[in-house]
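Taking it in order: structure first as structure tokens, then the write-up.
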Amino acid sequence: MRLTEFMRDRLTAYLIYAITWVLVLIFLFAFHVPAEAVIIVSILVLLGAVAAELWAFLRKRSYYDKLVSDLSQLDKKYLLSEMLDEPEFLDGHILYEAIREADKSMCEHIAEYRRESSDFREYIELWVHEIKLPVAGLQLMCHNDGNTRYNEQLRRIDEYIENVLYYARSGSAEKDYIIKPVSLKRTFGEIAVRNREELQERGISLSTSDLEAEVMTDGKWLSFILGQLMSNSLKYGATEIIVTGEDFPDRTVLHFRDNGIGIPESDLPQIFEKSFTGENGRTHNKSTGMGLYIVKKLCDRLGHTVEASSVQGEFTEISITFGKNELYKFE
Amino acid sequence: MKKIIIIEDESALRDELAVLLQNAGYETVCVTNYDNVSEQMKDADADLILLDINLPNVNGETLLQEFRRRSETPVIMLTSRTNEIDEVLSISYGADDYITKPYNPTILLLRISAVLKRSAKNATVQKYHEAEVSTVKGSLVRNGTELILTKNEMIIFQLLLDRMGEIVTRDELMTALWDNDEFVNDNALSVNISRLRGKLAELGYPDAIETRKKQGYILK
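Protein chains in written order, with my numbering: chain A, 6 to 336; chain B, 13 to 232.
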């Protein structure tokens with residue numbers, strides 16, 4: 006708050022003071038008060054007014070300057086009301102109460118949405134567990150009846166169900182994962198065996214190398230991530246999938262490479278965006294633009310980085326980098 | 013015959029699971045009353061327990077924890093809960109394996125037989141006719157002659173041996189190989205089987221593996 010700003014704000018009051026003083030002068034002269042007395046009274050009144058204005062300016066300045074600097078330092082601006090001191094002057098007091106009340110009501114509002122969203126997520130989790138029972142039942146029935154005709158459709162249903170579950174999990178604010186050492190080889194093996202029939206039907210060859218490393222991650226989440234990558238390779242015409250691990254002192258990188266149709270260079274920066282389907286999405290109508298988006302979100306939450314590189318018509322390679330933070334090990 | 017208790021409250025799933033296990037040559041006991049599951053687990057004197065986590069009135073993990081204080085019988089958790097927390101808890105409470113629904117029935121059977129085999133620690137050395145089978149060394153020994161099998165050949169031979177005299181489908185063999193991180197294709201499987209045949213013939217067992225057209229193989 007600057008003095009000039011303050012004075013400009015008070016201009017009307019000053020004008021009223023000035024007019025009043027002119028009237029007082031007229032009166033004083035009308036009553037033939039000596040000029041010396043008029044000057045002394047004028048000086049006293051002026052000094053009083055300046056002192057009063059200065060006091061009003063300084064107390065407001067110290068309060069509002071602190072408020073502005075607090076606000077600019079705050080990462081989450083809505084926390085301002087928590088840091089606000091109660092001002093002594095009336096208009097500040099009114100404002101303070103108003104901010105507190107608005108903030109409280111906002112918190113309640115947010116809490117309500119948070120509750121709703123977490124209720125919804127809980128329901129999704131529950132629903133997923135429930136829907137998996139009939140799917141598991143059907144799968145067993147098919148096997149017991151010696152019928153393999155429905156396997157592919159069942160596998161697809163299961164995949165879409167997992168998508169919903171992990172979409173809900175990826176957006177949740179709660180920490181619902183466990184970071185522990187997970188074997189890359191074992192996790193990939195599970196995904197491979199789950200997709201074996203389709204891979205073999207399409208004559209896709211799988212090869213792995215250097216997957217002995219263990220990475221710090223949530224096993225189930227990683228399993229979903231690899232399942233998504235596998236499902237993309239299956240969708241986009243791969244005949245060969247190569248999975249390799251690369252171990253560095255501070256990180257482990259997993260490369261998931263296929264020789265499918267690839268991704269056009271112009272689409273590459275956007276493939277992790279929500280609902281982005283790009284050119285391949287237009288030519289392959291199975292694309293929803295959600296798979297890689299969920300993969301990215303899960304990686305972000307787990308603290309892994311995920312990158313893609315591709316040459317159209319040659320290959321697509323998704324690389325996931327797992328950090329080797331020693332701190333993790335104490336969890 | 014090995015006895016397996018199925019503790020699963022979804023009746024359709026339970027019945028199909030029982031059929032699957034019976035077809036695979038196990039005796040099954042289904043728990044249908046959930047009031048005193050832990051007593052039933054103890055009294056049934058089974059070789060293996062398949063335990064669901066979500067049960068009426070009771071949690072499978074709690075049951076497992078209680079059960080482990082008194083018994084070493086292997087337990088496989090079967091659940092539709094796919095989160096790491098449940099798996100870590102179950103394993104720390106002493107589960108021998110944790111399988112999420114929906115499961116590939118062939119893999120389920122492989123896991124069951126693996127757990128059973130692990131629990132039979134002091135079992136006699138597995139034998140194929142006069143030959144001793146060493147899974148650890150991956151070899152067959154007959155009259156002092158040792159024959160080394162490759163990893164793939166051993167996986168195939170092991171599965172055929174476990175179900176000697178029964179038809180094992182190519183699909184099952186393939187699943188077993190893939191479950192051991194050997195991502196072989198159809199041709200490679202045929203090659204491995206013919207090599208295995210050759211090796212068995214060297215040991216003095218010609219025609220040990222019989223091919224059943226469109227069905228699979230039988231070890232005799």
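Note that beta-carbon positions come from the ideal geometry of N, C-alpha and C, so glycine has one too.
### Tyr115(B): contacting residues in chain A (beta-carbon distance under 9 Å)
Near Tyr115(B) (Cβ distances below 9 Å), the residues of chain A are Ala141, Gln144, Leu145.
### Task
Grab me the residues of Leu76(A)'s own chain with a C-beta within less than 8 Å of its C-beta, minus the 5 sequence neighbours each way, in chain order.
The answer, listed in chain order, is Lys82, Leu85.
### Task
Under 7 Å Cβ to Cβ from Pro92(A), same chain only, skipping five residues before and after it: list those, please.
Once the five neighbours on either side are set aside, the close Cβ partners of Pro92(A) are Tyr68, His98, Tyr101.
### Query
Quick one: does Arg182(B) have its CB under 8 Å from some CB of chain A?
Put simply, the CB of Arg182(B) is far from chain A, with every gap to its CB atoms at 8 Å or more.
### Query
Under 7 Å Cβ-Cβ, which residues of chain B neighbour Gly183(A)?
Note on identity: in this sequence residue 183(A) is Ile, with Gly being the wrong assignment. Under the 7 Å cutoff, chain B gives Glu96, Ile97, Val100.
### Query
Taking Cβ positions, are Arg80(B) and Gly106(B) nearer each other than 8 Å?
By the CB criterion at 8 Å, Arg80(B) and Gly106(B) fall inside the cutoff.
### Query
Hey, does Asn66(B) have any beta-carbon neighbour from chain A nearer than 8 Å?
So yes, Asn66(B) belongs to the interface.
### Query
Leu67(B) by DSSP, collapsed to three states: which one?
Residue state, collapsed to three classes: strand.
### Ala107(B) in three-state terms, based on DSSP
Residue state for Ala107(B) is assigned as coil, using DSSP reduced to three classes.
### Task
Would you decide whether Phe229(A) is buried or exposed? Buried here means 16 or more other CB atoms lie within 10 Å of its CB.
The residue in question, Phe229(A), is buried, as its Cβ has 16 or more Cβ neighbours within 10 Å.
### 8 Å Cβ cut-off: residues of chain A touching Thr187(B)
Chain-order list of chain A residues neighbouring Thr187(B): Val198, Arg201, by C-beta distance under 8 Å.
### Message
Counting C-beta neighbours from all protein chains within 10 Å, is the total for His37(A) 16 or more, i.e. buried, or is it exposed?
### Response
Counting Cβ neighbours within 10 Å, His37(A) comes out exposed, since fewer than 16 surround it.
### Task
State the beta-bridge partners of Phe320(A) as determined by DSSP.
Beta-bridge annotation (DSSP): Phe320(A) is paired with Val316(A).
### Query
For the segment 71-128 of chain B, which segments carrying the alpha helix (DSSP H) assignment without a break, of at least 4 residues, lie completely within its bounds, in sequence order?
Restricted to the segment 71-128 of chain B, the alpha helix (DSSP H) segments that are unbroken, complete and at least 4 residues in length are 72-80, 96-104, listed in chain order.
### Message
What does the alpha-carbon distance come out to for the pair Thr326(A) and His309(A)?
### Response
In a straight line, the C-alpha of Thr326(A) is about 5 Å away from that of His309(A).
### Message
Taking the straight line between their C-alpha atoms, what separation do you get for Val70(B) and Leu101(B)?
### Response
Their Cα atoms are separated by approximately 16 Å.
### Query
From this set, Ala213(B), Glu184(B), Ala30(B), which residue's C-alpha is nearest Gln227(B)'s C-alpha?
Out of Ala213(B), Glu184(B), Ala30(B), Glu184(B) has the C-alpha closest to the C-alpha of Gln227(B).
### Message
Using a Cβ-Cβ cutoff of less than 8 Å, which residues in the same chain neighbour Leu303(A) once the five nearest sequence positions on both sides are dropped?
### Response
Scanning its chain for C-beta atoms nearer than 8 Å, with the 5 sequence neighbours on each side dropped, one finds around Leu303(A) the residues Tyr171, Arg174, Ser175, Trp226, Phe229, Ile230, in chain order.
### Query
Does the distance from the CB of Tyr110(B) to the CB of Ala141(A) come in under 8 Å?
The answer is no: Cβ separation not under 8 Å.
### Task
Only counting runs of 4 or more residues, tell me where the alpha helix (DSSP H) segments fall wholly within the segment 182-229 of chain A, in order along the chain.
You should have 189-199, 201-206.
### Message
Using CA atoms only, rank isn't needed, just tell me which of Ala178(A), Glu322(A), Ser271(A), Ser314(A) is closest to Arg306(A).
### Response
Looking at Ala178(A), Glu322(A), Ser271(A), Ser314(A), the one whose alpha-carbon comes closest to that of Arg306(A) is Ala178(A).
### Message
List, in chain order, every chain A residue whose beta-carbon is nearer than 8 Å to that of Asn155(B).
### Response
For Asn155(B), none of the residues of chain A pass the 8 Å Cβ criterion, the least Cβ distance being about 37 Å.
### Query
Got a sec: which bits of the segment 308-332 of chain A sit with their beta carbon under 8 Å from any beta carbon on chain B, in order along the chain?
Within the segment 308-332 of chain A, not one residue has a Cβ closer than 8 Å to any Cβ of chain B.
### Query
Is the number of C-beta pairs between the segment 29-44 of chain B and the segment 145-160 of chain A that are closer than 8 Å three or more?
Yes, the segment 29-44 of chain B touches the segment 145-160 of chain A.
### Query
For Lys113(B), which of Asp108(A), Leu145(A), Val73(A) has the nearest alpha-carbon?
Answer by Cα proximity: Leu145(A).
### Query
So which residues of chain A does Asn197(B) contact, with C-beta pairs closer than 8 Å?
What Asn197(B) touches in chain A: Gln205, Gly208, Ser210.
#### Entry: Cβ of Asn69(B) within 8 Å of any chain A Cβ
Taking 8 Å as the CB threshold, Asn69(B) stays off the interface with chain A.
#### Entry: CB contact below 8 Å: Leu29(B) versus chain A
With its beta carbon less than 8 Å from one in chain A, Leu29(B) belongs to the interface.
### Message
For the alpha helix (DSSP H) containing Ala40(A), name the first residue and the last one.
### Response
Ala40(A) -> alpha helix (DSSP H) spans 40-78.
### Task
Check each candidate in Arg15(A), Tyr22(A), Ser238(A) and name the one with the smallest Cα separation from Gly296(A).
Gly296(A) has its Cα closest to that of Ser238(A), out of Arg15(A), Tyr22(A), Ser238(A).
### Query
Thinking C-beta only, is Ile299(A) closer than 8 Å to Ala313(A)?
Not closer than 8 Å, so no.
### Selected residue, minimal CA-CA separation from Ala107(A), among Glu58(A), Val187(A), Glu87(A)
The option with the nearest alpha carbon to Ala107(A) is Glu87(A).
### Task
Could you tell me which of Glu73(B), Val145(B), Ile61(B) sits nearest to Ile103(B), measuring between CA atoms?
Scanning Glu73(B), Val145(B), Ile61(B) for the CA closest to the CA of Ile103(B) turns up Glu73(B).
### Query
Can you tell me where the beta strand (DSSP E) with Arg154(B) in it begins and where it stops?
Unbroken beta strand (DSSP E) run through Arg154(B): 151-154.
### Message
Going by DSSP, what residue range makes up the beta strand (DSSP E) through Val137(B)?
### Response
In the DSSP assignment, Val137(B) falls outside any beta strand (DSSP E), carrying neither H nor E.
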